[in-house]
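Trainee: The structure that follows is given in the form of structure tokens.
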Amino acid sequence: MTLLERYILKIAFTAFTACLIALTGVIWITQALRELDLLTGKGQTLFIFMTVTGLSLPALISVISPVALFLATIYALNKLNSDSELIVMSAAGMRPLRLLRPFVTLAAFVCLVVGMITVYVMPASFQEMRNLVTKIRADFVATMAKEGQFITLENGITFHYRERSGDALLGIFMEDQREKDKVIVYLAERGQTVENNGQAYLVLEKGSVQRKEPNSRDSSIVAFERYAVDLSAFNQDGNGEIVYRPRERSTTQLLFPNKDDAFYQYQEGRFRAELHDRLSSWLYPLAMMIIAFAALGDPRTTRQGRGLAIATAVVAVVALRIAGFAASSAVVRSEAAVIAVYAVPLSAIVISLMLIMQGSTTRAIQARIRALIPSRTPAIRRA
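First residue of the sequence shown? That's 22 in this note's numbering, and the numbers climb one at a time after it.
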């Protein structure tokens, strides 16, 4: 790489780093504010709060990196043009493909980072986040329940206790509506949470369990003197295992899914879409960079505005992402749409390269024509 190419790469890389840090920081703060309930409502420590919000960073970086590269390319080309450096390079015979080389080098680095994050890091972070959130919600009696108030979890669990007496809870009511046709109601005079081998249990004393029969108005009531309820099961499936969503599963699990998994059978299309989204995500940084270069790579004088070119590039990038989301949604419904997931970014790359090559050819032809036409200097008449 020549000194000039390293100079251009330094400008683009500095701009990319600044955009990535700024955008990631702003969006991460907005996401972290949504999780303040962990501190205020669920009684968690600052360390747990920072861990949960920090696990979302890989997903943010994978989404923001292509946009940051796009903005960095626009900034670098604008700076080179405003300083007349782009015009001098063109006049010295520097071809657009050579000017494109440092941007491609930076794009290759970003593509590698995005690919590693989406294939390996992001699924692991999502899975760890689900495990941590499940553990927090499992012991909802200690973290969320308040004396005299009804609390309702997202999965359909309603809990209430009348008052607290030491470590014991008095007047307990708990309703399990995870299965709408099989509602279970627990009533107990007192209860206490205990932990055994890392599992949280609510031990109820002197109460009853009321179960509604499926597809029937009848219900059965069983009285008990002592009954233990596994709290962690309220965030798990019927087999006692955490159900991971497609984005929380490793790439290997998406490539070779368990055909007998009921969740996979129910959402096979989402598994397929998630897999191909990961495998195609590394193409978008390159596509966005090529679009920006195709719009702003031509040298222009300072009198010529570049606002229209920037607006065109922004519209093209927005259209690219919309087409990508549409292709991903189509994959959920049809396996044949997998081709579109890869065709969208590849088409943007090919079309942008064709525009760059066409502009280079046009400038070369114009230079030859100017060289063939002899220069004529008007004669100065003498008085």
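Glycine is no exception: its CB is placed at the ideal position from the N, C-alpha and C atoms.
Does the CB of I50 have a neighbour CB from chain C at under 8 Å?
Mentor: Checking the listed chains, one finds no chain C in this structure; it contains a single protein chain.
Trainee: In the segment 215-301, which residue ranges form an unbroken beta strand (DSSP E) of at least 3 residues, counting only runs that do not cross its ends?
Mentor: 220-233 and 240-251
Trainee: Excluding five sequence neighbours on each side, which residues of the same chain lie with their C-beta closer than 7 Å to the C-beta of E26?
Mentor: Looking up residue 26 in the sequence shown gives position 5. Excluding sequence neighbours, E26 sits near R122 and P123.
Trainee: Would you say V224 and A244 are within 8 Å of each other, going by their C-beta atoms?
Mentor: Walking along the sequence shown from the start, residue 224 turns up at place 203. Walking along the sequence shown from the start, residue 244 turns up at place 223. In this structure, A244 does not lie closer than 8 Å to V224 by Cβ.
Trainee: When the Cα atoms are used, what is the spatial distance from A344 to L376?
Mentor: Sequence index remark: in the sequence shown, residue 344 carries index 323 (1-based). Sequence index remark: in the sequence shown, residue 376 carries index 355 (1-based). Roughly 20 Å between the two C-alpha positions.
Trainee: Check the DSSP bridge columns for S368 and list the partner residues they point to.
Mentor: For the purposes of this step, residue 368 is identified with residue 347 of the sequence shown, where counting begins at 1. BP columns for S368 are empty, so no partner.
Trainee: Does the beta-carbon distance from I95 to L317 come in below 8 Å?
Mentor: Taking the first residue of the sequence shown as 1, we reach residue 95 at position 74. Taking the first residue of the sequence shown as 1, we reach residue 317 at position 296. Closer than 8 Å, so yes.
Trainee: Could you please give the first and the last residue of the uninterrupted alpha helix (DSSP H) stretch that includes R333?
Mentor: Translated into positions along the sequence shown, residue 333 becomes position 312. First, the residue type needs correcting, since residue 333 is Thr and not Arg in the sequence shown. For T333, the uninterrupted alpha helix (DSSP H) segment begins and ends at G328 to R354.
Trainee: When you compare only the Cα positions, how much space is there between Q52 and D239?
Mentor: Residue numbering aside, residue 52 sits at position 31 when the sequence shown is read from its first letter. Residue numbering aside, residue 239 sits at position 218 when the sequence shown is read from its first letter. Roughly 46 Å between the two C-alpha positions.
Trainee: Using a 10 Å radius around the Cβ and a threshold of 16 neighbouring Cβ atoms, would you call T35 buried or exposed?
Mentor: Counting from one through the sequence shown, the residue named residue 35 turns up at place 14. Classification of T35: exposed, given that the 10 Å Cβ count is below 16.
Trainee: Taking the continuous alpha helix (DSSP H) assigned at A36, which residues delimit it?
Mentor: Taking the sequence shown and counting its residues from 1, the one referred to as residue 36 is at position 15. Here the alpha helix (DSSP H) through A36 covers L24 to R55.
Trainee: Just verifying my parser: in three-state terms, what is the DSSP assignment at F180?
Mentor: Translated into the one-based positions of the sequence shown, residue 180 becomes position 159. DSSP places F180 in strand when its eight states are reduced to three.
Trainee: Using C-beta distances below 7 Å, list every residue in its chain close to D258, excluding the 5 sequence neighbours before and after it, in chain order.
Mentor: The count along the sequence shown starts at 1 and reaches residue 258 at position 237. Confidence at D258 is low in this model, with a pLDDT of 48, below 50, so its placement is unreliable and no value can be given for it.
Trainee: Tell whether a beta-carbon distance below 8 Å holds between L275 and E295.
Mentor: As a first step, residue 275 must be located in the sequence shown, where it is residue number 254. As a first step, residue 295 must be located in the sequence shown, where it is residue number 274. In contact: L275 and E295 (Cβ atoms closer than 8 Å).
Trainee: Would you say V73 and M150 are within 8 Å of each other, going by their C-beta atoms?
Mentor: For the purposes of this step, residue 73 is taken as residue 52 along the sequence shown, with counting starting at 1. For the purposes of this step, residue 150 is taken as residue 129 along the sequence shown, with counting starting at 1. In this structure, M150 lies closer than 8 Å to V73 by Cβ.
Trainee: How is R151 classed by DSSP in three states: helix, strand or coil?
Mentor: Numbered from its first residue, the sequence shown carries residue 151 at position 130. R151 falls in the helix class under three-state DSSP.
Trainee: By Cβ distance, which residues of its chain are closer than 7 Å to A357, with the 5 residues on each side in sequence left out?
Mentor: By one-based count along the sequence shown, residue 357 stands at place 336. When the five nearest sequence neighbours on each side are left out, no beta carbon in the same chain lies closer than 7 Å to the beta carbon of A357.
Trainee: For A315 versus P366, is the C-beta spacing smaller than 8 Å?
Mentor: The residue labelled residue 315 in the question sits at position 294 within the sequence shown. The residue labelled residue 366 in the question sits at position 345 within the sequence shown. Cβ atoms of A315 and P366: not closer than 8 Å.
Trainee: State the start and end residues of the unbroken alpha helix (DSSP H) segment that holds M110.
Mentor: Here residue 110 refers to the residue found at position 89 of the sequence shown. M110 -> alpha helix (DSSP H) spans E106 to A112.
Trainee: With distances taken between CB atoms, is the gap from V362 to V371 smaller than 8 Å?
Mentor: Here residue 362 corresponds to residue number 341 of the sequence shown, with the count starting at 1. Here residue 371 corresponds to residue number 350 of the sequence shown, with the count starting at 1. No, these two residues do not count as a Cβ contact at 8 Å.
Trainee: Figure out for me which residue from L208, M143 and R354 has the closest Cα to the Cα of Q231.
Mentor: Locating residue 231 in the sequence shown gives position 210, where the first residue counts as 1. Q231 has its Cα closest to that of L208, out of L208, M143 and R354.
Trainee: Would you tell me roughly how many angstroms separate the C-alpha atoms of A113 and Q288, rounded to the nearest one?
Mentor: Translated into the one-based positions of the sequence shown, residue 113 becomes position 92. Translated into the one-based positions of the sequence shown, residue 288 becomes position 267. For A113 and Q288, the distance between alpha carbons rounds to 58 Å.
Trainee: Which residues bound the beta strand (DSSP E) around G192?
Mentor: In the sequence shown, the residue the question calls residue 192 occupies position 171. Taken as a continuous stretch (DSSP letters only), the beta strand (DSSP E) holding G192 covers A189 to D197.
Trainee: Buried or exposed: R55, going by 16 or more other Cβ atoms within 10 Å of its Cβ?
Mentor: Walking along the sequence shown from the start, residue 55 turns up at place 34. Classification for R55: exposed.
Trainee: In the structure shown, what three-state DSSP assignment does R122 receive?
Mentor: Within the sequence shown, residue 122 is the residue found at index 101, counting from 1. Helix at R122.
Trainee: Does L208 come out as helix, strand or coil in the three-state DSSP assignment?
Mentor: Here residue 208 refers to the residue found at position 187 when the sequence shown is read from its first residue. Three-state DSSP puts L208 in a strand.
Trainee: Using CA coordinates, which residue listed in S111, F194, V125 and N102 is at the minimum distance from L374?
Mentor: Numbered from its first residue, the sequence shown carries residue 374 at position 353. Nearest option by C-alpha distance: V125.
Trainee: Could you compute how far the alpha carbon of I138 sits from the alpha carbon of S241?
Mentor: Residue numbering aside, residue 138 sits at position 117 when the sequence shown is read from its first letter. Residue numbering aside, residue 241 sits at position 220 when the sequence shown is read from its first letter. If I take the Cα positions, the gap works out to 51 Å.
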